[in-house]
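K.L.:
Residue numbering for the sequence shown follows our numbering, beginning at -3 and increasing consecutively. Using N, Cα and C, we set each Cβ at its ideal position, and we do this for glycine too.
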Amino acid sequence: MNMLRPLNQAETSGKINLCGLSRDELRASLIENGVAEGKAKMRAQQLWHWIYNRGATSFDVMTNVSKDMQAMLDGKFEIRRPEVSLAQLSEDGTRKWLVRLDDGNEVEAVFIPEDDRGTLCVSSQVGCTLTCKFCHTGTQRMVRNLTAAEIVGQVMIARDALGEWPSPADGRLLSNIVLMGMGEPLYNFDNVKQAMKIVMDPEGISLSKRRITLSTSGVVPMMQRCGEEIGVNLAVSLHAVRNETRDAIMPINNKYPLEQLLTACANYHGVSNARRITFEYAMLKGVNDSLDDAKELVRLLKKYDIPAKVNLIPFNPWPGTAFECSDWDTIHAFSEYVFGAGISAPIRMPRGRDIMAACGQLKSASEKVRKADLLKAEAGNPPA
Ligand code: SAH
Ligand code: SF4
-3 MNMLRPLNQA
7 ETSGKINLCG
17 LSRDELRASL
27 IENGVAEGKA
37 KMRAQQLWHW
47 IYNRGATSFD
57 VMTNVSKDMQ
67 AMLDGKFEIR
77 RPEVSLAQLS
87 EDGTRKWLVR
97 LDDGNEVEAV
107 FIPEDDRGTL
117 CVSSQVGCTL
127 TCKFCHTGTQ
137 RMVRNLTAAE
147 IVGQVMIARD
157 ALGEWPSPAD
167 GRLLSNIVLM
177 GMGEPLYNFD
187 NVKQAMKIVM
197 DPEGISLSKR
207 RITLSTSGVV
217 PMMQRCGEEI
227 GVNLAVSLHA
237 VRNETRDAIM
247 PINNKYPLEQ
257 LLTACANYHG
267 VSNARRITFE
277 YAMLKGVNDS
287 LDDAKELVRL
297 LKKYDIPAKV
307 NLIPFNPWPG
317 TAFECSDWDT
327 IHAFSEYVFG
337 AGISAPIRMP
347 RGRDIMAACG
357 QLKSASEKVR
367 KADLLKAEAG
377 NPPA
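#1: Please list, in chain order, all residues of the same chain as residue 380 whose beta carbon is under 6 angstroms from its beta carbon, the five residues on each side excluded.
#2: Quick check: the region 254 to 265 against the region 215 to 232, are there 3 or more CB pairs under 8 angstroms?
#3: Using only CA atoms, which one of 131, 153, 46 lies nearest to residue 313?
#4: Kindly list the residues whose CB is nearer than 7 angstroms to the CB of residue 160, restricted to its own chain and excluding five residues on each side of it in sequence; keep chain order.
#5: For residue 47, does the three-state DSSP call read helix, strand or coil?
#6: Kindly give me the distance between the Cβ atoms of residue 187 and residue 147, rounded to whole angstroms, as I take these residues to be in contact under 8 angstroms.
#7: Does the beta-carbon of residue 316, which I'm using as the reference point, lie nearer than 8 angstroms to any heavy atom of ligand 2?
#8: Rounding to the nearest angstrom, what Cα-Cα distance links residue 237 and residue 13 in this structure?
#9: Please list the segments of the alpha helix (DSSP H) lying wholly inside the region 155 to 197, counting only runs of 4 or more residues, in order along the chain.
#10: Going by DSSP, which residues form a beta bridge with residue 201?
#11: Along the alpha helix (DSSP H) that carries residue 245, what are the first and last residues, could you check?
#12: Let me check one thing: in DSSP terms, what residues is residue 263 bridge-paired to?
#13: For the candidate residues 110, 179, 65, whose alpha-carbon lies nearest to that of residue 124?
#14: What number of angstroms, rounded off, separates the C-alpha of residue 133 from the C-alpha of residue 118?
#15: Does ligand 1 have even one heavy atom less than 8 angstroms from the beta-carbon of residue 135?
#16: Have a look at residue 108 and residue 201 and give me their C-alpha separation to the nearest angstrom.
#17: Under the rule that 16 or more other beta-carbon atoms within 10 Å means buried, what is residue 235, buried or exposed?
#18: Closer than 6 angstroms by C-beta to residue 116: which residues in its own chain qualify, once you throw out the five before and the five after it? Chain order, please.
#19: Under 9 angstroms, do residue 194 and residue 231 count as touching if we go by C-beta distance?
#20: Per DSSP, what kind of secondary structure is residue 217 in: helix, strand or coil?
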């Protein structure tokens, strides 16, 4: 059985937060706090259902739990999400929550509604150590891993806001999760894994692994475990097709160069034409956007024989960045070339730009610069 870790314990209440514990941890915690061993499994089952299927935030709604037991649980435990310090709604329907953690750090979660799905973009770390040159999160100084509770907490917050309890069988607003917020999820493997196991659990939130995508900048040694132990779809932040360029804009490439990265992609567990790897490619003017780059991209994907789709992301500017988005014609030409070679390469229109919710723009509000600077940077935008 897993050791019980102090997860997200509220400094004020001193109670143990049940939200974010694995099933084993939940049961162990009940036993440690006086629930009879013989009953602990059944109680854990009940609580799991109330927490993750019904969205309960207190024990008094648990009609199949006696009043005495409710009082006992309430004395020792709580069911708590991190605090929302700011909720924003974009003119295009995108929502962003600034989530305040118990230690005062903040992360962001973004909900993107589309016609046929609704995707929650979840953060895995406060900041990111990888300092990719085009990414706002990479400029944040404060970095730490999120706990499983803090990762699951973002999903709970979104479902609270969308009013999506109990878990609907179909027609969900929140139908997909992408680990594409702040941080490198494969640098926080254990907590990401635990959190995803919780959201995939069929008796709780019950999201299929096929509806979850983890995005990595290319932490090669962890990619195999991700496929085998979590089983979610993989997205890879590629952004360059030559080591020289990728070294310059993504420092992790110095450690795990393209050959290693693409080999790990080709071997990713469960990959097939029906379950392709997504390659994200931010279009950076004069850096990675030539037709030669497009040709090299196609050559590499064919050489390594990777069932792939490519998402072309017009670079999203942020205050102080040295990069510019490629011209519209250049992006279209790139896309057409890759499509022409038989590989899907749609251009991803940025969402929630007015609330700085687009890819690579996330950064704690506490570290954000003045609005005037932001407007200055926005003035240099390409036509959207
Ligand atoms: N750290 C992980 C998860 C973040 S995903 C990763 O890098 O994959 C966020 C995606 O947005 C990544 O593909 C990232 O490379 C991309 N991105 C970062 N900054 C961007 C920007 N300014 N414009 C467009 N895409 C950006
Ligand atoms: Fe970190 Fe991903 Fe941003 Fe790179 S692109 S700095 S890995 S969050």
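P.N.:
So, from the listed chains and residues:
#1: Any answer about residue 380 is weak, because its pLDDT of 31 lies below 50 and its placement is not dependable; what the coordinates show is given next. The beta carbon of residue 380 sits closer than 6 angstroms to no other beta carbon from its chain once the five residues preceding and following it are set aside.
#2: The region 254 to 265 is in contact with the region 215 to 232.
#3: Looking at the Cα atoms, 131 is the closest of the given residues.
#4: The answer, listed in chain order, is 168, 169, 170.
#5: Residue 47 falls in the helix class under three-state DSSP.
#6: Between residue 187 and residue 147 the beta-carbon gap is near 6 angstroms, inside 8 angstroms, which marks them as a contact.
#7: For ligand 2, not one heavy atom lies less than 8 angstroms from the Cβ of residue 316.
#8: For residue 237 and residue 13, the distance between alpha carbons rounds to 45 angstroms.
#9: The qualifying runs are 185 to 196.
#10: Residue 201 pairs with nothing; no bridge assigned.
#11: Residue 245: member of the alpha helix (DSSP H) spanning 239 to 245, first to last residue.
#12: Answer by DSSP bridge pairing: none, since residue 263 is not bridged.
#13: The shortest C-alpha to C-alpha distance from residue 124 to any of 110, 179, 65 is the one to 179.
#14: When rounded, the distance between both Cα atoms is 13 angstroms.
#15: Because no heavy atom of ligand 1 lies under 8 angstroms away, the Cβ of residue 135 does not count as near it: no.
#16: Cα to Cα, residue 108 sits roughly 18 angstroms from residue 201.
#17: The residue is buried, with at least 16 neighbouring Cβ atoms inside 10 Å.
#18: Answer for residue 116: 107, 154, 170, 173, listed in chain order.
#19: No.
#20: Residue 217 sits in a helix when the DSSP states are folded into three classes.
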